[in-house]
Amino acid sequence: IRIDQTGFAPQFFHFEDIPQLELNTTYKVRAKHMLRFTANGSIGEYWSDYGPYCTIGIAGPEITQLLPQYCNSVEPYGFDDYIQAYAVTFADQYRFTLDDGVSSIQATSTSYTLFLDNVPGLEFNSTYSVTVQSRVNGLWSDPGPACDVNMVTTVPPTALQAAYCNGNYDYPSAQYIFADYIGGADKYEWGFTPVGGGPAQYQLTNGYSLAFHWASSLNLQAGTSYSVAIRARLAGQWGSYGAECPINLNSPSMESSDGFAAKVDLDRPSPLILYPNPSSGEFRILAEITTEEIGSASVLVVDVMGREVYSENIPVKGSTLNNVIRLPESIRSGMYRIQVSLAETLHDTEILIDRTMR
5 IRIDQTGFAP QFFHFEDIPQ LELNTTYKVR AKHMLRFTAN GSIGEYWSDY GPYCTIGIAG
65 PEITQLLPQY CNSVEPYGFD DYIQAYAVTF ADQYRFTLDD GVSSIQATST SYTLFLDNVP
125 GLEFNSTYSV TVQSRVNGLW SDPGPACDVN MVTTVPPTAL QAAYCNGNYD YPSAQYIFAD
185 YIGGADKYEW GFTPVGGGPA QYQLTNGYSL AFHWASSLNL QAGTSYSVAI RARLAGQWGS
245 YGAECPINLN SPSMESSDGF AAKVDLDRPS PLILYPNPSS GEFRILAEIT TEEIGSASVL
305 VVDVMGREVY SENIPVKGST LNNVIRLPES IRSGMYRIQV SLAETLHDTE ILIDRTMR
């Protein structure tokens, strides 16, 4: 590799300015210099001979490991939690290995954050020894020191979100209700029991929302109040039902051509979930789509002055928006608004970015 420095060249160079260099490689280095002078209107340039070789070694990728706050936590981790490693300069991949002493699971991430609901095969009531590797220029580092991560023992209970309890809803209609989100859950079971007594009815959904006009297993009656109980299934295991709360069903106030209410209650809170919040600049954005399949969503990040600082179009798979947003380093710590356009509806919520969390 030859490096030429002309003009008033310094007597050094930065390794990052030499893309041909390879990690974990030893090089023999020698140098020569040039003298330039002007005499009688002429410019002369003279190169010296090369000096003796000197041997230098370029180290392999930097070793990384989980940050201390994620190791040996007293509180076990849920499937909606995440773990983070030390960031490595120029790394484009991180490989997390989770070993329970019987088998190991490997998961890769394009950043130093691993969301546990993206790790297939995690089990309840298990302790995993976690190591992390970084990849730079196609070369993986050695694993860093291991530390333990403890998983929850059971599926946490879920329930109707507080904002939807004691609500009044047209039935059947395009209105919807939301359960508390359980990270990694692939099924939710909704139980409706008449408040005055009677048999319960049940409906399964793939996500944490239920739209009344899609609830094919229910035969609810308008003008009746129901007590709603919900449980979630995670990794093949059902959790327990959470606290029950009542809802009131009214006759539809306005019928559309397909027999369902045309209006949607826009006074309900945003269905967006952002976590972690506060965030170091990387966070997951999650939402249930209660209208028809839309294909993509528009995400806009706005600062406290109302200026757009970031935008991105992200895919929507089926009826679920579930993506990781990684804000560029130019976006500094502070409070920001996240605005997401879904099926011509704008949802708006806040997030705190704290760059010191890494």
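Just so we're aligned, residue 5 is where the sequence shown starts under my numbering, counting upward by one. For glycine and all other residues, C-beta sits at the position ideal for the given N, C-alpha and C.
Residues of its chain near residue i, where Cβ-Cβ distance is below 6 Å and the 5 sequence neighbours each way are ignored
i, result
"LEU290", "ILE277 and ASN326"
"ASP103", "SER133"
"LYS92", "It should be noted that the sequence gives Val, not Lys, for residue 92. So the list reads GLU66, THR68 and SER138, once near-sequence residues are dropped."
"TYR90", "THR68"
"CYS75", "CYS151"
"PRO161", "GLY243, SER244 and GLY246"
"ILE60", "TYR31 and VAL33"
"ALA301", "ILE318, VAL320, LEU325, VAL344 and LEU346"
"GLY171", "ILE251"
Three-state secondary structure assigned by DSSP to residue i
i, result
"ILE39", "Looking at the sequence shown, residue 39 is not Ile but Leu. Strand, per DSSP."
"ASP121", "helix"
"GLN241", "strand"
"TYR4", "As shown, the chain starts at 5 and ends at 362. That puts residue 4 outside it, with no answer to give."
"GLU193", "strand"
"PHE100", "strand"
"ALA166", "helix"
"LYS267", "Residue confidence for LYS267 is low, a pLDDT of 34 falling below 50, so the modelled location carries little weight; the figure read from the coordinates is stated next. It is coil, neither helix nor strand."
"GLU20", "helix"
"ARG311", "coil"
"PHE216", "helix"
"THR157", "coil"
"THR29", "strand"
CA-to-CA distance, residue j to residue i, given in whole angstroms
i, j, result
"PHE182", "GLN165", "6 Å"
"ARG235", "TYR116", "32 Å"
"PRO149", "GLN69", "6 Å"
"ARG330", "PHE287", "7 Å"
"ILE22", "ASP8", "11 Å"
"ASN223", "PHE83", "33 Å"
"THR197", "THR324", "28 Å"
"ASP307", "GLY246", "37 Å"
"SER145", "SER213", "43 Å"
"ASP174", "SER231", "16 Å"
"SER221", "GLN205", "8 Å"
"LEU143", "ALA239", "33 Å"
"MET339", "GLU354", "7 Å"
"ILE186", "ASP121", "10 Å"
"PRO332", "ASN28", "29 Å"
"SER315", "GLY200", "50 Å"
"ARG99", "SER337", "27 Å"
"PRO147", "CYS249", "49 Å"
For residue i, the first and last residue of its enclosing beta strand (DSSP E)
i, result
"THR209", "205-209"
"TYR173", "172-174"
"ALA63", "It is not in any beta strand (DSSP E) - ALA63 carries neither H nor E in the DSSP assignment."
"TYR132", "131-140"
"GLN343", "338-346"
"ASP352", "349-357"
"THR114", "It is not in any beta strand (DSSP E) - THR114 carries neither H nor E in the DSSP assignment."
Same chain, Cβ closer than 7 Å to residue i, five either side skipped, listed in chain order
i, result
"PHE94", "VAL140"
"ALA219", "GLN207"
"SER130", "ASP104 and MET155"
"ALA226", "TYR175, LEU253, ASN254 and SER255"
"GLN241", "PHE128 and VAL159"
Nearest-angstrom Cβ-Cβ length linking residue i and residue j, presumed shorter than 8 Å
i, j, result
"SER283", "ILE357", "6 Å"
"TYR81", "VAL153", "6 Å"
"TYR57", "VAL33", "7 Å"
"VAL320", "GLY299", "6 Å"
8 Å CB neighbourhood of residue i in its chain, flanking five on each side removed
i, result
"THR42", "GLY48"
"LEU350", "GLN343 and VAL344"
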